[in-house]
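Residues 163 to 412 (the numbering used here) are what the sequence shown spells out, left to right.
Where is the CB? At the ideal position from N, CA and C, for every residue including glycine.
So the structure is just underneath, and the comments pick up after that.
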Amino acid sequence: MHAKTALITGATSGFGAATVDRFIAGGWRVVATGRRAERLQKLVDKHGADRVHALAFDMRDEAAMRAAIASLPAEFAGIDLLVNNAGLALGTAPAQQADLAQWKQMIDTNVTALVTITHLLLPTLIERRGAIVNISSIAGTYPYKGGNVYGGSKAFVSQFSQNLRTDLHGTGVRVSSIEPGMAETEFTLVRTGGNQAASDQLYAGAQPITAEDIAESIWWIATLPPHLNVNRLEVMPVNQSAAGLQVHRE
Ligand code: NDP
Ligand code: 8X3
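And the structure:
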């Protein structure tokens with residue numbers, strides 16, 4: 163049997179990088195995407211050019227995305243699994259103090275770019291009876307202060323996943339939404355503009371989810387028997403749980 167191929171967005175860090183390693187270990191080929199070309203090259207050097215193909219582009223640049231996908235060599239062009247992982251949160255300010263440019267960057271990356279690459283790859287995925295795993299977040303379900311547009315973008319990802327399933331009914335294509343809670347990656351560094359102390363403080367003592375935990379969940383979903391679909395998977399650290407509503411008193 164020929165090795166299957168996964169296209170993993172946001173493969174330069176965190177969940178995406180760990181997912182590349184997991185699928186390579188499982189015998190798949192991987193198309194790895196991200197903006198930081200030097201990190202993608204490290205994945206190629208680590209696993210070999212016959213196993214990992216790097217596509218460096220900004221997900222928000224549709225022309226660059228189209229050109230990158232069109233450039234795939236034949237042995238990497240048959241995508242069996244799309245892992246829509248690239249994404250980010252920017253800022254923790256309440257809506258009334260938030261930076262509009264940051265809001266737009268989150269929407270452009272987490273929503274617009276995700277639907278664009280999905281649309282581009284749907285014909286291939288349908289032809290191959292493939293699968294899509296979208297990385298959403300618990301922030302799309304549970305509101306928290308400063309979650310505003312980030313949470314909204316992830317609610318979109320979760321609902322888009324379920325609606326995709328409905329449209330793809332009968333094609334054999336599987337669609338899953340994974341909704342992780344607190345996970346230690348570069349996520350908080352990015353969100354805080356590079357504040358390592360804030361990132362360390364957030365995760366200290368919490369035993370957060372690791373990137374490898376999510377990579378293993380994606381692997382499990384992707385390798386289930388083809389008649390099974392995980393619709394949504396919500397995962398939290400044991401030390402995290404949902405709590406309460408707030409009341410303001412006059
Ligand atoms: P990281 O910051 O470690 O990784 C984010 C990845 O997204 C990087 O590879 C980055 O690549 C890529 N990315 C961001 N913007 C762009 C862009 N414009 N073009 C191309 N690639 C881009 O964070 P995580 O691994 O934690 O995040 C992965 C996903 O998981 C995100 O969608 C995030 O929202 C979600 N998530 C994270 C949780 C957490 O607590 N960590 C929990 C729930 C969901 P590069 O910078 O090289 O372009
Ligand atoms: C990331 C999880 O709770 O920091 O999506 O928003 S959270």
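Residue range of the alpha helix (DSSP H) that S379 falls in? Here the question's residue 379 lines up with position 217 in the sequence shown. Unbroken alpha helix (DSSP H) run through S379: A373 to A384.
Tell me whether the region 297-308 and the region 233-243 touch, counting them as touching only if at least three CB pairs, one residue from each stretch, are closer than 8 Å. no
Is the beta carbon of N272 sitting closer than 8 Å to the one on V319? Position 110 of the sequence shown, counting from 1, holds the residue named residue 272. Position 157 of the sequence shown, counting from 1, holds the residue named residue 319. Going by C-beta atoms, N272 is nearer than 8 Å to V319.
DSSP has T167 in a bridge; who is on the other side? Taking the sequence shown and counting its residues from 1, one reaches residue 167 at position 5. Paired residue(s): R191.
Reduced DSSP category for R290 - H, G, I as helix; E, B as strand; rest coil: The residue given as residue 290 occupies position 128 in the sequence shown. If DSSP states are grouped into helix, strand and coil, R290 belongs with coil.
State yes or no: is the C-beta of G172 nearer than 7 Å to some heavy atom of ligand 1? Here residue 172 refers to the residue found at position 10 of the sequence shown. Yes, Cβ of G172 sits closer than 7 Å to a heavy atom of ligand 1.
Pick from L169, A218, H410 and G356: whose alpha carbon is nearest that of L282? The residue given as residue 282 occupies position 120 in the sequence shown. Selected option, being the one with the closest Cα: L169.
Only counting the same chain, and skipping five residues up and downstream in sequence, which positions put a Cβ closer than 7 Å to that of L202? On the sequence shown, residue 202 is found 40 positions in, with the first residue counted as 1. Result list for L202: A173, T174, A194, G196, A216 and A218, in chain order.
According to DSSP, is P285 part of a helix, a strand, or is it coil? Start at 1 with the first residue of the sequence shown, and residue 285 comes out as number 123. DSSP places P285 in helix when its eight states are reduced to three.
Cutoff 6 Å; reference A301; Cβ partners in own chain excluding five residues on either side: Position 139 of the sequence shown, counting from 1, holds the residue named residue 301. Closer than 6 Å at the Cβ level, and outside the excluded window around A301, lie G309, Y312, G313 and K316.
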